[in-house]
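Here's the structure, in structure tokens; my notes come after.
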Amino acid sequence: MSVNGAPSLLEVRDLRVDFKAPRGIVRAVDGLCYSVRKGETVAVVGESGSGKTVSSRAIMGLLPPSASVSGSVRFEGQELVGLPERAMRVHRGTAIAMVFQDPARTLNPTMRVGAQITEALRAHAQLSRAQAYDRAIELMQLVRLPAAGERFHQYPHQLSGGMRQRVTIAIAIAADTKLLIADEATTALDVTT
Numbered sequence: 002m003s004v005n006g007a008p009s010l011l012e013v014r015d016l017r018v019d020f021k022a023p024r025g026i027v028r029a030v031d032g033l034c035y036s037v038r039k040g041e042t043v044a045v046v047g048e049s050g051s052g053k054t055v056s057s058r059a060i061m062g063l064l065p066p067s068a069s070v071s072g073s074v075r076f077e078g079q080e081l082v083g084l085p086e087r088a089m090r091v092h093r094g095t096a097i098a099m100v101f102q103d104p105a106r107t108l109n110p111t112m113r114v115g116a117q118i119t120e121a122l123r124a125h126a127q128l129s130r131a132q133a134y135d136r137a138i139e140l141m142q143l144v145r146l147p148a149a150g151e152r153f154h155q156y157p158h159q160l161s162g163g164m165r166q167r168v169t170i171a172i173a174i175a176a177d178t179k180l181l182i183a184d185e186a187t188t189a190l191d192v193t194t
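Structure follows, in structure tokens:
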């Protein structure tokens with residue numbers, strides 16, 4: 002339960018993340034606590050290196066094996082810390098999505114951006130190719146990607162950094178998830194893209 006009694010969509014309590022390093026254990030996140038209710042926007046603010054990205058990846062179950070996660074992360078009442086990868090995949094992309102900070106590392110360089118969006122759409126909904134194409138164009142327009150029809154057929158390297166980030170946002174919102182985690186998602190954006 003959140004502070005005002007409304008049920009929490011996400012409840013993070015005493016989250017700690019440690020990494021094994023050559024010189025010992027490094028604590029990247031130490032006792033993070035917050036909750037998010039449906040429809041609410043919450044910002045985790047901190048200096049560079051303070052653990053914002055690590056905590057987001059911990060929630061998504063996307064940390065390397067060298068990481069040790071403790072505390073509690075509950076999504077709709079279900080504990081995510083320690084959840085097996087197979088069970089976590091059920092939530093990832095359908096109930097919880099994440100927009101990563103670096104679109105160059107997120108997008109597949111060998112696939113056209115439109116194909117990447119339609120792949121996300123078809124993975125989470127029963128859509129024909131034509132329906133997925135139409136919805137992908139809508140999403141590209143929604144995130145203000147100029148000339149969406151033309152961009153659909155381009156590869157990530159043919160787009161500016163801001164345009165690539167808009168594509169990753171379109172992919173993240175494609176499944177209409179309940180929770181969207183954005184890791185500095187607007188850093189790469191500029192006014193003209």
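Under my numbering, the first residue of the sequence shown carries the number 2, and numbering increases by one thereafter. C-beta: ideal position from N, C-alpha, C; glycine also. Quick caveat, the model's predicted, so the values are computed rather than measured.
Could you tell me the alpha carbon to alpha carbon distance between residue i and residue j, rounded to whole angstroms?
{"i": "Pro23", "j": "Leu63", "result": "22 Å"}
{"i": "Glu41", "j": "Tyr134", "result": "30 Å"}
{"i": "Leu140", "j": "Ile118", "result": "9 Å"}
{"i": "Gln159", "j": "Val100", "result": "20 Å"}
{"i": "Thr194", "j": "Gly162", "result": "With a pLDDT of 46 at Thr194, under the threshold of 50, the modelled position of this residue cannot be trusted, and the question is left open."}
{"i": "Leu128", "j": "Ile26", "result": "47 Å"}
{"i": "Leu81", "j": "Ser73", "result": "7 Å"}
{"i": "Leu10", "j": "Glu77", "result": "5 Å"}
{"i": "Glu12", "j": "Thr111", "result": "37 Å"}
{"i": "Arg14", "j": "Met61", "result": "15 Å"}
{"i": "Gln142", "j": "Val30", "result": "37 Å"}
{"i": "Gly39", "j": "Lys21", "result": "It should be pointed out that residue 39 corresponds to Lys in this sequence rather than to Gly. Their backbone Cα atoms lie some 35 Å apart in a straight line."}
{"i": "Tyr35", "j": "Phe153", "result": "38 Å"}
Could you please give me the residues that DSSP links to residue i through a beta bridge?
{"i": "Lys21", "result": "Ile26"}
{"i": "Glu80", "result": "Arg75"}
{"i": "Arg14", "result": "Ser73"}
{"i": "Met99", "result": "Ile182"}
{"i": "Ala68", "result": "Phe20"}
{"i": "Arg93", "result": "Ile97"}
Take the Cβ of residue i as the centre, count every other Cβ of all protein chains shown within 10 Å, and call the residue buried at 16 or more, exposed below.
{"i": "Gly115", "result": "buried"}
{"i": "Pro65", "result": "exposed"}
{"i": "Ser57", "result": "buried"}
{"i": "Ala175", "result": "buried"}
{"i": "Ala149", "result": "buried"}
{"i": "Gln166", "result": "buried"}
Grab the span of the alpha helix (DSSP H) containing residue i for me, first residue to last.
{"i": "Ser56", "result": "Lys53 to Met61"}
{"i": "Met112", "result": "Counting along the chain, Met112 falls outside any alpha helix (DSSP H), and DSSP gives it neither H nor E."}
I'd like the list of long-range same chain contacts for residue i, defined as Cβ closer than 7 Å, with 5 residues on each side in sequence excluded.
{"i": "Ala173", "result": "Ala98, Met99, Val100 and Leu181"}
{"i": "Met2", "result": "In this prediction, Met2 scores a pLDDT of 48, lower than 50, which makes its location untrustworthy; the coordinate-derived value is nonetheless stated afterwards. Taken in chain order, the residues that qualify are Pro8 and Ser9."}
{"i": "Arg136", "result": "Leu122 and Leu128"}
Apart from the five residues on each side of it in sequence, which residues of its chain come closer than 6 Å, Cβ to Cβ, to residue i?
{"i": "Val70", "result": "Val18, Ala59 and Val82"}
{"i": "Val37", "result": "Leu10, Leu11 and Val43"}
{"i": "Asp184", "result": "Thr54, Ser57, Phe101 and Gln102"}
{"i": "Val45", "result": "Lys53"}
Does any heavy atom of the ligand GDP sit closer than 7 Å to the C-beta of residue i?
{"i": "Ala171", "result": "Among the components of this structure there are no ligands whatsoever, and the ligand GDP is therefore not found."}
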